[in-house]
Amino acid sequence: MSSDPVAAAPQRSFVLLKPDAVRRGLVGAILSRFESRGLKIVAMDLRYVDGDLADQHYAEHVERDFYPPLRTFVTSGPSVAVLLEGDQVIEVVRTMNGATDARKAAPGTIRGDWALSNRENLVHGSDSAESAAREIALWFPDFA
Ligand code: UDP
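Numbers given in the numbering used here equal positions in the sequence shown, counted from 1, plus 64.
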């Protein structure tokens, strides 16, 4: 038995490649980064997100001022829903995605290399184990 506190611990995260990623033809490039890092695609699906699904996914944000335009954006075209698995995948994906405000995201991150908006920032990644469980149940119930 290892006592290493950061020993490999398989975990799953919900990732959404938002409509700007599909529109701009960046789906392959973004998925390639995750795969090259060693993360495994467990499930994947092109989805037309409707307002109800957007409201459920962003339940913690629905009362915020930025939500109406975010809702319009996320329902503006197809997205790609991805279930990723790997060691500490939740934190790894968040680091790879970069800061929420892409204008401040570090070079080398997905947002920092390919986006320049606080809204149209290409990717979503679960922010905690609790969020991942909730989002996987919402988007991929067969895997919950
Ligand atoms: N967002 C926005 N305006 C803001 C903050 C966030 O439009 O001022 C959008 C942006 O697309 C972001 C999403 O709302 O990715 C969810 O925000 P959150 O703070 O959860 O950021 P994330 O976890 O996606 O980095």
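Even glycine gets a Cβ: it sits at the ideal position worked out from N, Cα and C.
No experiment lies behind these values; they were computed from the predicted model shown.
Please classify D129: does DSSP put it in a helix, a strand, or coil?
Coil.
Would you mind reading off the limits of the alpha helix (DSSP H) that contains R101?
Here the alpha helix (DSSP H) through R101 covers V91 to R101.
Among the residues of its own chain, which have a CB less than 6 Å from the CB of S181, if the five just before and after it don't count?
Here the set comprises A166.
Would the beta-carbon of P83 be found less than 8 Å away from any heavy atom of the ligand UDP?
Flag unset: Cβ of P83 not near the ligand UDP.
For D177, collect the residues of the same chain with a Cβ closer than 7 Å to its Cβ; drop the 5 residues on either side in sequence, then sort them by chain order.
Cβ within range, chain order: P171.
To the nearest angstrom, how far is the alpha carbon of T136 from that of E149?
T136 and E149: Cα-Cα distance of roughly 29 Å.
Is any heavy atom of the ligand UDP found at a distance shorter than 8 Å from the C-beta of G176?
Checking the Cβ of G176 against the ligand UDP gives no.
Within the region 110 to 193, note down every full beta strand (DSSP E) run reaching 3 residues or more, in order along the chain.
Complete beta strand (DSSP E) runs here, min 3: 143 to 151 and 187 to 189.
Let me confirm a value: K82 is counted as buried when at least 16 other C-beta atoms fall within 10 Å, else exposed. Which label applies?
Classification of K82: buried, given that the 10 Å Cβ count is 16 or more.
For P74, report the span of its beta strand (DSSP E) as first-last.
Looking at the DSSP string, the run of the beta strand (DSSP E) that includes P74 is P74 to L81.
Would you report the Cα separation of A179 and V187, rounded to the nearest angstrom?
Rounded to whole angstroms, A179 to V187 spans 10 Å at the Cα level.
If you draw a straight line from the alpha carbon of V113 to that of Q120, how long is it in whole angstroms?
The straight-line gap from Cα to Cα measures roughly 11 Å.
Rounded to whole angstroms, what's the CA-CA distance from S96 to F78? Just pull it up for me.
Those two C-alpha atoms are separated by around 16 Å.
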